[in-house]
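Enquirer: Sending over a structure as structure tokens; questions will come in a sec.
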Amino acid sequence: MESRAKNLKGATAIVGSGIVISRRTDAPRRTTLELQVEAARLALDDAKVTRKQVGGVLTGRAPRSYDVRQLNMRVLNELKVAPVFTSEITAHGGGALGTLQLASLMVSSGVVDYVLCTCGNCDDLWIDSVKTNATSEADQQFEAQYGPSTPSLYAQFARRYMHETGATSRQFAKAAVECRKWAVHHPDAIMGRKGEITIEDVLNSRMIASPLHLLDCAPWYPGGNVTAMVVTRREIAERHRPDPIYLLGYGQCSTHEWLTDRLGLWGIEPAENGPNLTRTGAIVAARGAFEMAGLRPNDLDLAQTSAPFSFLIPMMLEQLGFCPEGTGGRFVEAGGIDFDGGFPFNTSGGYLSYGQNGQGLYLLQECIEQFRGAAKGRQVPNARRALVHGHGGPLSCHSVVIVGSSPN
Amino acid sequence: MSDQTAIVKQIDWSAGFQVVAGHMNLGLTEPSPETKEFWEGVARDELQLKRCRGCRRYLHPRRMACPDCHKAGVEWAPASGTGKVYSFSTIHRAPNPELAKSVPYCVGIVHLREDVYLFTRFIVAQGTEPEIGDPAELEFRILENGQKLPVFAVSNRQA
Ligand SMILES: [Zn+2]
Chain P
65 MESRAKNLKG ATAIVGSGIV ISRRTDAPRR TTLELQVEAA RLALDDAKVT
115 RKQVGGVLTG RAPRSYDVRQ LNMRVLNELK VAPVFTSEIT AHGGGALGTL
165 QLASLMVSSG VVDYVLCTCG NCDDLWIDSV KTNATSEADQ QFEAQYGPST
215 PSLYAQFARR YMHETGATSR QFAKAAVECR KWAVHHPDAI MGRKGEITIE
265 DVLNSRMIAS PLHLLDCAPW YPGGNVTAMV VTRREIAERH RPDPIYLLGY
315 GQCSTHEWLT DRLGLWGIEP AENGPNLTRT GAIVAARGAF EMAGLRPNDL
365 DLAQTSAPFS FLIPMMLEQL GFCPEGTGGR FVEAGGIDFD GGFPFNTSGG
415 YLSYGQNGQG LYLLQECIEQ FRGAAKGRQV PNARRALVHG HGGPLSCHSV
465 VIVGSSPN
Chain A
7 MSDQTAIVKQ IDWSAGFQVV AGHMNLGLTE PSPETKEFWE GVARDELQLK
57 RCRGCRRYLH PRRMACPDCH KAGVEWAPAS GTGKVYSFST IHRAPNPELA
107 KSVPYCVGIV HLREDVYLFT RFIVAQGTEP EIGDPAELEF RILENGQKLP
157 VFAVSNRQA
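Line order of the protein sequences matches chains P and A. For the first sequence, counting from 1, position 326 maps to 390 in the numbering used here; every step adds exactly one. For the second sequence, counting from 1, position 140 maps to 146 in the numbering used here; every step adds exactly one.
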């Protein structure tokens, strides 16, 4: 399949960004709206873009702790901007990177010059995500009544993945161990201060939903974590700053709403050859991103993936193209993503050790820090190109963005 | 089964649910008249699936139309009640206190003989887990929330 979007490679760039982190211990408690607005103002200031210049406003979906319809309207209302295009991008956790993709399409078409994207939440400042999340991840009528927890929904994918590829719990544990090694060097990673862990620590931690142990599961980020970014065309970006972050390629794919419905999909990629749980939309999203960028996985210096459970690291390594299909477990076992000497993967500690935040662009923020040489203790030498993967729902929506410090 | 003497709660999924927060009525969530016959069947201990009138493919009870021949329409058809374990997970940490009394319990996906996949509860011998591919037989049980639901009993092949 020849990409018709190759002209978009490097045509648009992130020209400003802002991240705001709020911890449970902060007083007074801060709301999602407050953090979104603060991050947006930081991003606009960083980009040297005035509110008068904002042509588009895109937000991720409203989080559970700030449950309003059309969060984008609340954000633009507070910022007192008057965009000509605006929307809430609601592809679950895939919507966060989706805001950047749509922003890029908007500015590259020329209808607007600057699009502000804000994504994030502060669920765990206000509510207990573990308690509220389980029922909403399942179909109320045909799944939730059977009593699934969120880990047990993801475990269905894990079990099939093990069955079909021979991947083992030990290989999953190894992925969690490597994530923790990166997290030790990130000041905002919530598991970093707990120090390194071993494969046995993971395998001996209590079973949550077989085959997933406690340390196979990501903790929710205990607070708020909101990121905002400003996207514009390359020629404008280069007038604003010497070091824009170029969007080299991107892709997206959404396949279902509920887990069971994933098995009602056939005759279309990633289920061209019939219903399955082991080929996700990440395959399609990554293929689109690489084709647009005209790059291959070994052209990249680092990658971040949305992996709330350890088994998703080997699974996504395959589906994003870093190792052949069916070999993710063995790739991890053989040191493929080792902190010492492997491919730099989840360099902030990933969801497993940095903490999971439903609607974040913080994985992308990590790439920006790496490009700018600001990732102390975990700096990847000469980091110039990176892939970021986001997903949401029970592996429903996948977004992939490839970014670079130069436009090619 | 002793739990069959419990009073069965009925949920009318077809009418949807009012979403109320304090004094605010936020609207109606997910009215689904298209599944009414499914729950009427469950009340009679019958499992029914949707079936395409065009290609005759069986479909999940939720489907309103066949994705390939949506003009053909769908009808209800009885399921054989036999299938195989497609995937599963034994839950040790329950999502709420009502379910905590039942741990460990096994949820998963059954692949029916009609080539339809259903989320379900697997009934297994205490202290065991099923295996992918194990035969599964339909039963009806009242689960923790008081609803009668189709579940599947697993007979381990290795047992
Ligand atoms: Zn049909």
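Ideal Cβ positions, reconstructed from N, Cα and C, are used throughout, including at glycine.
Given that a residue counts as buried once 16 or more other Cβ atoms are within 10 Å of its Cβ, and exposed if not, what is Gly184 of chain P?
Expert: Translated into positions along the first sequence, residue 184 of chain P becomes position 120. Result: buried.
Enquirer: For Val26 of chain A, would you say it is in contact with chain P, using Cβ-to-Cβ distances shorter than 9 Å as the test?
Expert: Here residue 26 of chain A is taken as the residue at index 20 of the second sequence, counted from 1. No - not a single Cβ of chain P is within 9 Å of the one on Val26 of chain A.
Enquirer: Would Arg87 of chain P and Pro286 of chain P be called neighbours here (beta carbons separated by less than 9 Å)?
Expert: One-based indexing of the first sequence puts residue 87 of chain P at position 23. One-based indexing of the first sequence puts residue 286 of chain P at position 222. Taking 9 Å as the Cβ cut-off, Arg87 of chain P and Pro286 of chain P qualify as a contacting pair.
Enquirer: Consider the C-beta atom of Gly119 of chain P and the heavy atoms of ligand 2; say whether any pair is separated by less than 8 Å.
Expert: As presented, the structure is devoid of ligand 2, carrying ligand 1 as its sole ligands.
Enquirer: Check whether the region 452–470 of chain P and the region 92–111 of chain P are in contact - that is, three or more C-beta pairs closer than 8 Å.
Expert: Contact fails: fewer than three Cβ-Cβ distances are below 8 Å.
Enquirer: For Thr41 of chain A, which residues in chain P fall below 7 Å Cβ to Cβ?
Expert: Counting from 1 along the second sequence, the entry for residue 41 of chain A is found at position 35. Within 7 Å Cβ-Cβ: Gln205.
Enquirer: Just to confirm my understanding: we take Pro408 of chain P, look at its own chain, exclude 5 residues before and 5 after, and list those with CB closer than 6 Å. What are they?
Expert: Here residue 408 of chain P refers to the residue found at position 344 when the first sequence is read from its first residue. These residues qualify, in order along the chain: Leu366 and Val444.
Enquirer: Is Leu155 of chain A close to chain P? Criterion is C-beta to C-beta, closer than 9 Å.
Expert: Sequence index remark: in the second sequence, residue 155 of chain A carries index 149 (1-based). Yes, because at least one Cβ of chain P sits closer than 9 Å to the Cβ of Leu155 of chain A.
Enquirer: Would Glu145 of chain P pass as a contact of Leu180 of chain P if the rule is Cβ separation under 9 Å?
Expert: As a working note, residue 145 of chain P is residue 81 in the first sequence. As a working note, residue 180 of chain P is residue 116 in the first sequence. Here residue 145 of chain P is Val; the residue named in the question, Glu, does not match the sequence. Closer than 9 Å, so yes.
Enquirer: Is Arg63 of chain A close to ligand 1? I mean its beta-carbon at under 8 Å from any heavy atom of the ligand.
Expert: For the purposes of this step, residue 63 of chain A is identified with residue 57 of the second sequence, where counting begins at 1. Arg63 of chain A Cβ: within cutoff of ligand 1.
Enquirer: For Pro141 of chain A, which beta-bridge partners are listed by DSSP?
Expert: Residue numbering aside, residue 141 of chain A sits at position 135 when the second sequence is read from its first letter. According to DSSP, Pro141 of chain A bridges with A:Lys90.
Enquirer: Going by Cα to Cα distance, which pick from P:Gln117, P:Asp265, P:Tyr225 and P:Ala253 is closest to Leu416 of chain P?
Expert: Taking the first residue of the first sequence as position 1, residue 416 of chain P is located at position 352. Checked all of P:Gln117, P:Asp265, P:Tyr225 and P:Ala253; the closest Cα to Leu416 of chain P is P:Ala253.
Enquirer: Label Ser173 of chain P either buried or exposed according to how many other C-beta atoms from any shown protein chain fall within 10 Å of its C-beta, with 16 as the threshold for buried.
Expert: Taking the first residue of the first sequence as 1, we reach residue 173 of chain P at position 109. Under this definition Ser173 of chain P is an exposed residue.
Enquirer: Mind pulling the chain P residues with CB within less than 8 Å of Trp82 of chain A?
Expert: Here the question's residue 82 of chain A lines up with position 76 in the second sequence. Per Cβ cutoff of 8 Å: no residues; Trp82 of chain A is ~15 Å from chain P at best.
Enquirer: If you count every other CB in all the chains shown that lies within 10 Å of the CB of Asn337 of chain P, and 16 or more means buried, which is it?
Expert: Here residue 337 of chain P is taken as the residue at index 273 of the first sequence, counted from 1. Answer is exposed; the Cβ neighbour count stays below 16.
Enquirer: Determine which residues of the region 92–106 of chain A have a Cβ less than 7 Å from any Cβ of chain P, and write them out in chain order.
Expert: Here the close residues are Ser93, Phe94, Ser95, Thr96, Ile97, His98, Arg99, Ala100, Pro101 and Leu105.
Enquirer: Can you list the residues of chain P that Gly114 of chain A reaches, using a CB-CB cut of under 7 Å?
Expert: Within the second sequence, the letter at position 108 stands for residue 114 of chain A. Result: Gln220.
Enquirer: Please determine, among A:Thr96, A:Lys154 and A:Gly60, the residue with the shortest C-alpha to C-alpha distance to Gln132 of chain A.
Expert: In the second sequence, counting from the first residue as 1, residue 132 of chain A sits at position 126. Closest by alpha carbon: A:Thr96.
Enquirer: Count the other C-beta atoms from every protein chain shown that fall within 10 angstroms of the C-beta of Met356 of chain P, then say buried if there are 16 or more, exposed otherwise.
Expert: Residue mapping note: residue 356 of chain P aligns to position 292 of the first sequence, counting from 1. By the 10 Å Cβ count, Met356 of chain P comes out buried.
Enquirer: Over the uninterrupted beta strand (DSSP E) stretch that includes Thr76 of chain P, give me the two end residues.
Expert: Looking up residue 76 of chain P in the first sequence gives position 12. Taken as a continuous stretch (DSSP letters only), the beta strand (DSSP E) holding Thr76 of chain P covers Thr76 to Arg87.
Enquirer: Taking 8 Å as the threshold, find out whether the region 237–256 of chain P comes into contact with the region 66–76 of chain A through three or more Cβ pairs.
Expert: No: fewer than three Cβ pairs fall under 8 Å.
Enquirer: According to the Cβ coordinates, are Val84 of chain P and Gly288 of chain P closer than 9 Å?
Expert: In the first sequence, the residue the question calls residue 84 of chain P occupies position 20. In the first sequence, the residue the question calls residue 288 of chain P occupies position 224. Yes.
Enquirer: Tell me whether Glu152 of chain P sits in a helix, a strand or coil according to DSSP, three-state version.
Expert: On the first sequence, residue 152 of chain P is found 88 positions in, with the first residue counted as 1. Three-state result, Glu152 of chain P: strand.
Enquirer: Tell me which residues of the region 33–61 of chain A have at least one Cβ-Cβ distance to chain P shorter than 8 Å, keeping chain order.
Expert: The region 33–61 of chain A vs chain P, Cβ under 8 Å: Glu36, Ser38 and Thr41.
Enquirer: Can you tell which of P:Gly120, P:Leu279 and P:Lys73 has the C-alpha that lies nearest to the C-alpha of Asn268 of chain P?
Expert: Here residue 268 of chain P is taken as the residue at index 204 of the first sequence, counted from 1. Out of P:Gly120, P:Leu279 and P:Lys73, P:Leu279 has the C-alpha closest to the C-alpha of Asn268 of chain P.
Enquirer: Along the chain, which unbroken stretches of the alpha helix (DSSP H) at least 4 residues long are found entirely within the region 213–296 of chain P?
Expert: If we require 4 residues or more, the alpha helix (DSSP H) runs fully inside the region 213–296 of chain P come out as 214–229, 233–247 and 263–268.
Enquirer: Under 8 Å: do the region 369–385 of chain P and the region 222–232 of chain P share three or more Cβ pairs, one atom per stretch?
Expert: These segments touch.
Enquirer: Comparing the CB of Gly259 of chain P with every heavy atom of ligand 1, is any distance shorter than 8 Å?
Expert: Within the first sequence, the letter at position 195 stands for residue 259 of chain P. No; taking the cut-off as 8 Å, the Cβ of Gly259 of chain P has no heavy atom of ligand 1 nearer than that.
Enquirer: Are the beta-carbon atoms belonging to Ile129 of chain A and Val109 of chain A less than 9 Å from one another?
Expert: By 1-based counting over the second sequence, the position of residue 129 of chain A is 123. By 1-based counting over the second sequence, the position of residue 109 of chain A is 103. No. Outside cutoff.
Enquirer: Can you have a look at Asp9 of chain A and say buried or exposed, based on whether 16 or more other CB atoms are within 10 angstroms of its CB?
Expert: By one-based count along the second sequence, residue 9 of chain A stands at place 3. Here the model assigns Asp9 of chain A a pLDDT of 47, short of 50, so the residue's position is not dependable, and the following value carries that caveat. Its Cβ having fewer than 16 others within 10 Å, Asp9 of chain A is exposed.
Enquirer: Whole angstroms is fine: what's the gap from Gly119 of chain P's alpha carbon to Gln434 of chain P's?
Expert: Translated into the one-based positions of the first sequence, residue 119 of chain P becomes position 55. Translated into the one-based positions of the first sequence, residue 434 of chain P becomes position 370. Whole-angstrom Cα-Cα distance: 29 Å.
Enquirer: Mind checking if Ile138 of chain A is an interface residue toward chain P, Cβ cutoff 9 Å exclusive?
Expert: Counting from 1 along the second sequence, the entry for residue 138 of chain A is found at position 132. True, the Cβ-Cβ gap to chain P drops below 9 Å.
Enquirer: Which residues of the region 261–285 of chain P have a Cβ closer than 9 Å to any Cβ of chain A? Give them in chain order.
Expert: Listed by position along the chain: Arg270, Met271, Ile272, Ala273, Ser274, Pro275, Leu276 and Leu278.
Enquirer: Please list the residues of the region 233–255 of chain P that have a C-beta atom closer than 7 Å to any C-beta atom in chain A, keeping them in chain order.
Expert: Here the close residues number zero.
Enquirer: Taking only beta-carbon atoms, is Asp9 of chain A less than 9 Å away from chain P?
Expert: Taking the first residue of the second sequence as position 1, residue 9 of chain A is located at position 3. Bear in mind that a pLDDT of 47 at Asp9 of chain A, under 50, signals an unreliable position, so the model cannot answer this.
Enquirer: Report the option in P:Ala282, P:Val452, P:His320 and P:Lys258 whose CA atom is closest to the CA atom of Ala237 of chain P.
Expert: The residue labelled residue 237 of chain P in the question sits at position 173 within the first sequence. Answer by Cα proximity: P:Ala282.
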